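Here is the structure we will look at.
Chains as they are written, first to last, in my numbering: chain A, 1 to 536; chain B, 1 to 316.
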């Protein structure tokens, strides 16, 4: 097909209709994916702006840039926006929505209208959360620990309402993915022929459906306590503050896996494509996703080793937390094994995949310190924990998200991004990330507590290093924003399969037609059948 | 604390070297595995780089022994780290016998520390080197956390209940005391220091203290003024006697037993009917409105003096 023909004939999901209402009322999973992409990009930079102010404040030991109230609101809003409005939805809502039907050879998800509804619910939740910022902010931390959140005079109820609403969006997306994976697979696409990304989405969807209600209930109870004075968590009213922690972490620990499993799925796609190999241990990688989803529900108490929880309960949680490390380890070794005797090239998505392995490995292994009860007593609630989860969430998930952006951008837009700039930005992100967060491991073991507006002078050098790294990281994140937008107009046109990748999504034009495939694909072999025959 | 760029915290308690030993063991495991993964990835990435555009990877047969090895070896190491960490944790949470008692009251945004031996302090704790100190802690408002990095000690201080922690200083000096659980606006101002002193210096400090009467004496005065003795005196039938109460196993009305400790005494003052001693009627009113957390600590300290000191303290 020639370029001119591309521009004239409405043949893909983007140019089929340009009116705003065609976007706002769309039931096309690809357009909904794009709506999420725009919303999440906005939330990512909002959450990032809060972090910039925090890192500026922490340049000096004295609390001199903002008031303590303001600082407390900054880290609270950073956490709420990044966790609930970027990380939890990120890869599932953008790439899951865009790719799941394409990868399984379907026309759309099982419930297209429900899919659009979940975006609107998500945005309504986002409006409440932003509303709580504009009307004064929240100062409880994203964890909403009671009785602090029972007593706080800030906009706790508004923010909790936002998260409450957003939770329903997660649940609906989860249900949609589960049903889609069960019912919409193309002929011949058996479970063991599914791309590993689909397995990871499936495991994620299970967690979303089973875990989110616990969070919703916990936040509802906080609301009831604040509005009607019903004593549930506040001991002054006869409540139990630890009950909240149990309910909160029953969701929020599995949510950590929501924030990493899809990233692992992306990783498997990228490595197989750029190493031109079938994954090493397909069934182990797929099984590990499910094992993580199940075990992830049984480890929440490792957030509570110093909370006064029974020491025997703590032992069980510690043991299970060590066990959940095993499937993650299996995945890392499987990715390394996939490189063995591959034919590896180093395009930007692969650079992010390498970065993911490095940072996720550090993030995962440092979890061992936290699973071990005696060491956790010392590092709990310090910067060690902050560093650990940023290595997983940012080093893992955001690296995977950016890897996915570069890998599937040509499929989504029909354009190639500028490779040189993209490689440069991947390098900047990697260096900036490590400089930001590695010093925080040292700070944490030294005893620097989290959520401190001011700190003893001896910690300053490490804090300055961290803030310097954050500014580099910021540049690394802004660059893709610029060159992706640039490529929309000036980028080279991508063919259907610019990477010569396996996978059904690459067998349809870029951007795909409104209903994905002109004829339903029939699958006759295992996934990742490299080498891929180049098609016209 | 003197260096501009400290990289490791001071070790100033009996448990600190043990926690650090486990830390270094895990760190070794982490470094070895990370090095293994990074080496494999880098070596493979260079060795198997794509040499011609159309090249593709070799078909490698799955190797189940290899899969089993990289499940089995990490699993074994994890079990070692688990068992080591759990054992040490039980030492961290179980105080030894013959301790010095200190009561800790957290409130937004200060620490109040009361020695069983008398003086009370704000955001500072003086202790003698070489003696185990047991902390009995509660909060007046939200959750705080008592964190002394040099002791590798941290325990959440939860309102509505007593929690215990302990340490034994091994090196004289001043060490940071932080609140580690975020507790509101001036969380980062809820800091202080623990001063570990030679026993003789500590005695001198105790003697020169500017504080009032001892904690137990204050508790006794409160005991009198609240009229507790009216019902709880020896030979009274309305309430159980409080002599030799602590550490005793008490039979409750429903037939179960409870060991009388600080938490039980506190609960019985605030909510007497919750766990009523067998043979008594629920006639005692709640004293929630009359006493605050500080008064409760005083009363508990006084009641402890009614218990003969010997081997009665139950070490679980």
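Each residue gets a CB set at the ideal place from its N, CA and C atoms; glycine is no exception. Small disclaimer: the values here were computed from a predicted structure and weren't measured.
What is the rounded straight-line gap between the Cα of residue 252/B and the Cα of residue 245/B? About 14 Å.
Residue 203/A versus 225/A, 64/A, 173/A, residue with shortest Cα-Cα distance: Ranking 225/A, 64/A, 173/A by Cα distance to residue 203/A puts 173/A first.
Between the Cα of residue 164/B and the Cα atoms of 139/B, 186/B, 150/B, which residue gives the shortest distance? With distances taken between CA atoms, residue 164/B lies nearest to 139/B out of 139/B, 186/B, 150/B.
Checking contacts by CB at 7 Å: is residue 93/B closer than that to chain A? With its beta carbon less than 7 Å from one in chain A, residue 93/B belongs to the interface.
Any 3 or more C-beta pairs closer than 8 Å across the segment 104-111 of chain A and the segment 57-77 of chain A: Here the segment 104-111 of chain A does not lie against the segment 57-77 of chain A, with fewer than 3 beta-carbon pairs under 8 Å apart.
Contact the segment 44-52 of chain A vs the segment 73-83 of chain A: 3+ CB pairs below 8 Å: Note that the segment 44-52 of chain A touches the segment 73-83 of chain A; at least 3 beta-carbon pairs, one per stretch, sit closer than 8 Å.
Measure the alpha-carbon distance for residue 456/A versus residue 61/A and round it to whole angstroms. Put simply, the backbone Cα of residue 456/A is about 6 Å away from that of residue 61/A.
Can residue 275/A and residue 362/A be called in contact, C-beta distance under 7 Å? No, they are not a contact pair.
Is it buried or exposed, residue 474/A, if we count other Cβ atoms within 10 angstroms and call 16 or more buried? Answer is buried; the Cβ neighbour count reaches 16.
Please name the residue, chosen from 40/B, 46/B, 160/B, 98/B, that lies closest to residue 236/A on a Cα-to-Cα basis. Residue nearest to residue 236/A within the set 40/B, 46/B, 160/B, 98/B is 160/B (criterion: CA-CA distance).
Provide the residue(s) that pair with residue 258/B in DSSP beta bridges, ordered along the chain. Answer is 250/B, bridged to residue 258/B.
Return the chain-ordered list of same chain residues with a C-beta closer than 7 Å to the C-beta of residue 152/B, the five sequence neighbours on each side being excluded. When the five nearest sequence neighbours on each side are left out, the beta carbons in the same chain lying within less than 7 Å of the beta carbon of residue 152/B are those of 13, 15, 16, 19, in order along the chain.
Cβ shell of residue 532/A (< 6 Å), same chain only, five flanking positions each side left out: The residues are 500, 502.
Closer than 9 Å between beta carbons: that is the criterion. Which residues of the segment 274-287 of chain A meet it against chain B? Of all residues in the segment 274-287 of chain A, the ones placed with a Cβ closer than 9 Å to any Cβ belonging to chain B are 274, 275, 276, 277, 278, 280, 281, 282, 283, 284, in chain order.
Going by the DSSP bridge assignment, what does residue 165/B pair with across the sheet? Beta-bridge pairing links residue 165/B to 135/B.
Residue 388/A lies in the alpha helix (DSSP H); which residues open and close that run? Taken as a continuous stretch (DSSP letters only), the alpha helix (DSSP H) holding residue 388/A covers 383-390.
Based on DSSP bridge pairs, tell me the residues matched to residue 433/A. Partner(s): none; residue 433/A has no beta bridge.
Taking Cβ to Cβ, would you say residue 195/B is nearer than 7 Å to residue 178/B? Residue 195/B places its beta carbon 7 Å or farther from that of residue 178/B.
Look at the alpha carbon of residue 384/A and the alpha carbon of residue 9/B, and state the distance between them as a whole number of angstroms. The straight-line gap from Cα to Cα measures roughly 13 Å.
Using beta carbons (cut-off 7 Å, strictly below), is residue 373/A in contact with chain B? Yes, contact with chain B.
Do you know offhand how far residue 265/B's Cα is from residue 369/A's? Just so you know, the alpha carbons of residue 265/B and residue 369/A end up roughly 37 Å apart.
So, does the CB of residue 41/B fall closer than 7 Å to a CB anywhere in chain A? Residue 41/B counts as touching chain A.
Is the distance from the Cβ of residue 417/A to the Cβ of residue 484/A below 7 Å? For residue 417/A and residue 484/A, yes; Cβs fall inside 7 Å.
With three or more beta-carbon pairs closer than 8 Å as the criterion, would you say the segment 294-302 of chain B touches the segment 257-273 of chain B? Enough Cβ pairs lie closer than 8 Å, so yes.
Quick one: grab the DSSP three-state call for residue 492/A. Here residue 492/A carries a coil assignment [DSSP, helix/strand/coil].
Secondary structure of residue 101/B, DSSP reduced to three states: Strand.
With H, G and I counted as helix, E and B as strand and the rest as coil, what does DSSP make of residue 439/A? Looking at residue 439/A - three-state DSSP - the assignment turns out to be helix.
Terminal residues of the continuous beta strand (DSSP E) containing residue 175/B? Residue 175/B: member of the beta strand (DSSP E) spanning 173-179, first to last residue.
Do residue 341/A and residue 58/B have their C-beta atoms closer together than 7 Å? Taking 7 Å as the cut-off, the Cβ atoms of residue 341/A and residue 58/B count as close.
For residue 378/A and residue 145/A, I'd like the C-alpha separation in whole angstroms. Taking the straight line joining both Cα atoms gives about 20 Å.
Short of 7 Å in beta carbon distance, which residues of its chain neighbour residue 167/A, apart from the five on each side in sequence? Order them along the chain. Same-chain partners within the cutoff: 212, 215, 216.
I want to know whether the segment 135-153 of chain A touches the segment 242-253 of chain A - three or more CB-CB distances under 8 Å. With the cut-off at 8 Å, the segment 135-153 of chain A and the segment 242-253 of chain A touch.
Listing by chain order, which chain B residues have their CB less than 7 Å from the CB of residue 235/A? Under a criterion of Cβ atoms nearer than 7 Å, the residues of chain B adjacent to residue 235/A are, in order, 159, 160.
When you compare the CB positions of residue 327/A and residue 271/A, do they come within less than 7 Å of one another, or not? With a cutoff of 7 Å on beta-carbon distance, residue 327/A and residue 271/A are scored as not near each other.
How would you label residue 307/A, buried or exposed, when you count the other beta carbons within 10 angstroms and need 16 or more for buried? Note on residue 307/A: 16 or more other CB atoms within 10 angstroms of its CB, so buried under the neighbour-count rule.
By the criterion of Cβ-Cβ separation under 8 Å, what are the contact partners of residue 275/B in chain A? At a C-beta separation below 8 Å, residue 275/B has no neighbours in chain A, since its nearest C-beta there lies roughly 16 Å away.
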